[in-house]
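Enquirer:
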Amino acid sequence: MAAVRKGPVVCKFCERLHRSYPQAHLLQRRLISDTASSSEWKSVVGLEIHAQIATSSKLFSGAATKFGEPINSQVSPFDAALPGTLPVLNKECVKAGILTALALGCTVNRMSKFDRKHYFYADLPAGYQITQQRQPLAHSGHVDYVHYRSMKGQTDTAETRSCRLIQLQLEQDSGKSLHDAEDQQSLIDLNRAGVGLMELVTQPDLTDGEDAASFVKELQLILRTIGTCDGKMQEGSLRVDANISVHKPGEPFGVRTEVKNINSFRNVSKAIDFEIQRQVKILESGGSVENETRSFDAETNETVPMRDKEKLLDYRFMPEPNLPPLYVYNNESVPPGADTDRIVVLEKVREGLRELPGEKRQRIQEQYSIPLRSASLLVSEEGLLEVFEELVKDGAHDMKSVLRVLLHDYLGVLRKHDYTVAQCPIKMDAIGDVCDLVAAQEIIPASVYKMMCELAEKPELSVKEIVDRDNLRLIQDRKLIEQVIFEVLESEPKVLKKLRKANSKGNGLVLKPLLGPVQQRLDQRGNHVIITEIAQEILKKML
């Protein structure tokens, strides 16, 4: 294989997943989807994703890759394309690419080659990019991901979908142009130039923005799990290009447009859905869609033209003359006497695979008999599954109560304070105590989140102290509850009238008109199960 340089992989997968879409955006996506379906258009989406490899040095040089460092402070002579400098392939980047390919079910090519892709931007000093266009590191593969389907009038349902991959290739990143509109000049930062990237190209298997965003979330989760990319879209570590077209069912695919450099899950969904809607409007008005490259304006939530793809210059691909073919060996094919520090052995890379998100979801669904949606939420937040399994180990705490507390209240605390599970100061024992109170129906359900927030802000407090101080225990006294029910029936004739009217229709015993006034007199602290049981006994005799 090509000459390689060793360097440690920096595993950074503590960053939390992006928050859920706002409700307003869910409505926007539904409207767009309705528009497309009502006019009998089908949308087709394929993605090209650039994932920055989590190594401490660049793909072909020893310059550092740390984010946020001073401008042009991480640039080697090769990154600046100084004459006479040559690329030296980073072995850790190759291993990270292979590990990613294995995690995605790709076929790793035993021989791959590097190409020069020529184009001329100010932030690409050499005038070409070294990539693997024609003989990539790996091909094929697929990603199974969880898609939440919004149904009108129903809770969102979760289902597993799959998207096929075409190839995975290694390539170097370009620098960054900094535009000063006031002084009318552009400055160049080459810190990012030469950083190792994995480009993943999908088949056009995705249908809309929500579907594509679900896929990208799963891919980000996989990359973080195996430690090959930190997935920080806000820092440019994971960037998405989307190819979008629409057509009538049974007809060939339409003319596609490409939306470049989308940098968040929300924007992936918004950009694709806007572009689908834009193309449908053009075609329904008798126009034609142009094959062009567009960008997404996050302020207007619209895509805008960048350049016409038909007018692009030929990239003039040619073999990279300074890098020999890259060979990947298995144990049986290692040449006798080979320096193992300078070659990549497939079996050794495979040893770095961890339990992947899809495997975790399947395992816990089968092991704990929990639905896909709950399993997906447990897996999506790093460290949350470990908290769950510790709490339910050997039946220490009621599993349903643990799920309820973790997926509603604990996750809410993480989002409020922007914590990771590792950063959250709430003690495991405290979470267990809250779960036990919920299971025993001893505390007000609406108070659980407030209690968890206080435990995060004051972890030195105990759950009992908070419950006793704020009087959060549910009223369980059956005699007191019975007394309050009779008081409501005697002092509020409107309630009794509503009960008689509601129960005169013969559709079973209706309690709703009574439960609210009873809880109001109990300061919303009555045990709902006990109130319901006693109310049923009383009303059966009265009505």
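Mapped onto the working numbering, the consecutive letters of the sequence shown carry residue numbers 2 to 544.
All C-beta atoms, glycine included, are put in the ideal place defined by N, C-alpha and C.
Alpha carbon to alpha carbon, how far is L171 from D181?
Expert: Start at 1 with the first residue of the sequence shown, and residue 171 comes out as number 170. Start at 1 with the first residue of the sequence shown, and residue 181 comes out as number 180. So the two alpha carbons sit approximately 32 angstroms from each other.
Enquirer: The beta strand (DSSP E) with C164 in it runs from where to where?
Expert: Walking along the sequence shown from the start, residue 164 turns up at place 163. C164 -> beta strand (DSSP E) spans T158 to Q173.
Enquirer: Pick helix, strand or coil for V419, following the three-state DSSP scheme.
Expert: Here residue 419 is taken as the residue at index 418 of the sequence shown, counted from 1. Val is not the amino acid found at residue 419; the sequence shown has Asp there. Looking at D419 - three-state DSSP - the assignment turns out to be coil, as it is neither helix nor strand.
Enquirer: Would you decide whether E200 is buried or exposed? Buried here means 16 or more other CB atoms lie within 10 Å of its CB.
Expert: One-based indexing of the sequence shown puts residue 200 at position 199. With 16 or more Cβ atoms within 10 Å of its Cβ, E200 is classed as buried.
Enquirer: Could you check where the beta strand (DSSP E) with N244 kicks off and where it finishes?
Expert: The residue you call residue 244 lines up with position 243 of the sequence shown. Where N244 is concerned, the enclosing beta strand (DSSP E) stretches over L239 to H248.
Enquirer: Can you check DSSP and say which residues form a bridge with T132?
Expert: If you number the sequence shown from 1, residue 132 lands on position 131. Bridge partners of T132: D116.
Enquirer: Does the distance from the CB of V422 to the CB of V435 come in under 8 angstroms?
Expert: Counted from its first residue, the sequence shown places residue 422 at position 421. Counted from its first residue, the sequence shown places residue 435 at position 434. Not in contact: V422 and V435 (Cβ atoms no closer than 8 angstroms).
Enquirer: Please report the distance separating the alpha-carbon of L230 from that of I535.
Expert: Walking along the sequence shown from the start, residue 230 turns up at place 229. Walking along the sequence shown from the start, residue 535 turns up at place 534. The displayed chain sequence assigns Cys, not Leu, to residue 230. Cα to Cα, C230 sits roughly 58 angstroms from I535.
Enquirer: Using a 10 Å radius around the Cβ and a threshold of 16 neighbouring Cβ atoms, would you call Q537 buried or exposed?
Expert: Translated into positions along the sequence shown, residue 537 becomes position 536. Its Cβ having fewer than 16 others within 10 Å, Q537 is exposed.
Enquirer: I need the straight-line Cα distance from V95 to V350, nearest angstrom please.
Expert: Along the sequence shown, one-based indexing puts residue 95 at 94. Along the sequence shown, one-based indexing puts residue 350 at 349. Cα to Cα, the separation comes out at about 10 angstroms.
Enquirer: Using the Cα positions of N91 and D174, report the straight-line distance between them to the nearest angstrom.
Expert: Counting from one through the sequence shown, the residue named residue 91 turns up at place 90. Counting from one through the sequence shown, the residue named residue 174 turns up at place 173. Computed Cα separation, rounded: 14 angstroms.
Enquirer: Between which two residues does the alpha helix (DSSP H) containing F266 stretch?
Expert: For the purposes of this step, residue 266 is taken as residue 265 along the sequence shown, with counting starting at 1. First-last of the alpha helix (DSSP H) with F266: F266 to E285.
Enquirer: Which residues in the same chain have their Cβ closer than 7 angstroms to the Cβ of I445, if we skip the five residues on either side of it in sequence?
Expert: In the sequence shown, residue 445 corresponds to position 444, counting from 1. Result list for I445: L473, L475, Q525 and R526, in chain order.
Enquirer: Can you list, in chain order, the stretches of the alpha helix (DSSP H) that have 4 or more residues and sit fully within the region 166-230?
Expert: With a minimum length of 4 residues, the continuous alpha helix (DSSP H) runs that stay inside the region 166-230 are 210-227.
Enquirer: Name the DSSP bridge partner or partners of R474?
Expert: Sequence index remark: in the sequence shown, residue 474 carries index 473 (1-based). R474 is bridged to I444.
Enquirer: On a Cα-Cα basis, can you pick out the residue from V147, K177 and G142 that is closest to R165?
Expert: Numbered from 1 along the sequence shown, position 164 holds the residue referred to as residue 165. For the residues V147, K177 and G142, the minimum Cα distance to R165 belongs to G142.
Enquirer: In angstroms, rounded to a whole number, what distance separates the CA positions of T294 and V305?
Expert: Here residue 294 is taken as the residue at index 293 of the sequence shown, counted from 1. Here residue 305 is taken as the residue at index 304 of the sequence shown, counted from 1. Between T294 and V305, the C-alpha separation is close to 9 angstroms.
Enquirer: Spatial neighbours of L462 within its chain, please: CB distance less than 8 angstroms, with the 5 preceding and 5 following residues excluded, ordered by chain position.
Expert: The residue labelled residue 462 in the question sits at position 461 within the sequence shown. Around L462: E455 and L456.
Enquirer: Less than 8 angstroms between the CB atoms is what I'm expecting for D58 and A52, so what's the real figure, rounded?
Expert: Translated into the one-based positions of the sequence shown, residue 58 becomes position 57. Translated into the one-based positions of the sequence shown, residue 52 becomes position 51. Per the sequence presented here, residue 58 reads as Ser, with Asp not at that position. About 17 angstroms separates the two Cβ atoms, so there is no contact after all.
Enquirer: Shortest alpha-carbon distance to F121 belongs to which of S178, R374 and I273?
Expert: Reading the sequence shown from its first residue, position 120 is the one you call residue 121. Nearest of S178, R374 and I273 to F121, Cα basis: S178.
Enquirer: From this set, H248, L407, T161 and F216, which residue's C-alpha is nearest Q363's C-alpha?
Expert: Looking up residue 363 in the sequence shown gives position 362. Ranking the options by Cα distance to Q363, first place goes to T161.
Enquirer: Just how far apart, CA to CA, sit P326 and Y420?
Expert: Walking along the sequence shown from the start, residue 326 turns up at place 325. Walking along the sequence shown from the start, residue 420 turns up at place 419. Cα to Cα, the separation comes out at about 45 angstroms.
Enquirer: What residue does the alpha helix (DSSP H) around K361 start on, and which one ends it?
Expert: Taking the sequence shown and counting its residues from 1, one reaches residue 361 at position 360. Unbroken alpha helix (DSSP H) run through K361: P358 to Y369.
Enquirer: Give the C-beta separation of V439 and R470 to the nearest angstrom, bearing in mind that I take them to be a contact with Cβ-Cβ under 8 angstroms.
Expert: Counted from its first residue, the sequence shown places residue 439 at position 438. Counted from its first residue, the sequence shown places residue 470 at position 469. The Cβ separation is near 18 angstroms, so there is no contact.
Enquirer: Under the rule that 16 or more other beta-carbon atoms within 10 Å means buried, what is Q186, buried or exposed?
Expert: Your numbering for residue 186 matches position 185 in the sequence shown. Q186 is exposed by the Cβ-count criterion.
Enquirer: Would you check if the region 267-280 and the region 232-249 touch, i.e. whether three or more CB-CB distances between them fall below 8 angstroms?
Expert: These segments touch.
Enquirer: By alpha-carbon positions, which one of L386, R501 and L347 ends up nearest to M543?
Expert: Within the sequence shown, the letter at position 542 stands for residue 543. When each option's Cα is compared against that of M543, the closest is R501.
Enquirer: Which stretch, first to last residue, makes up the alpha helix (DSSP H) that contains I54?
Expert: Along the sequence shown, read from residue 1 onward, the residue named residue 54 stands at position 53. It is not in any alpha helix (DSSP H) - I54 carries neither H nor E in the DSSP assignment.
Enquirer: Do you know whose CA, among R416, P372, E348 and G433, lies nearest V388's CA?
Expert: Within the sequence shown, residue 388 is the residue found at index 387, counting from 1. Closest option to V388, Cα to Cα, is G433.
Enquirer: Taking only three categories from DSSP, how would you classify R30?
Expert: Residue 30 sits at position 29 when you count from the first residue of the sequence shown. Residue placement at R30 cannot be trusted, given a pLDDT of 40 that sits under 50; the coordinates are not used to answer.
Enquirer: Which residues in the same chain as M307 place their Cβ atom closer than 8 angstroms to its Cβ, once the five residues preceding and following it in sequence are excluded?
Expert: Taking the sequence shown and counting its residues from 1, one reaches residue 307 at position 306. Hits under 8 angstroms: K261, E293, T294, R295 and S296.
Enquirer: Hey, how far is the Cα of I167 from the Cα of V464?
Expert: As a working mapping, residue 167 is identified with position 166 in the sequence shown. As a working mapping, residue 464 is identified with position 463 in the sequence shown. About 52 angstroms.
Enquirer: Please report the distance separating the alpha-carbon of P250 from that of L207.
Expert: Locating residue 250 in the sequence shown gives position 249, where the first residue counts as 1. Locating residue 207 in the sequence shown gives position 206, where the first residue counts as 1. If you take the alpha carbons of P250 and L207, they lie about 15 angstroms apart.
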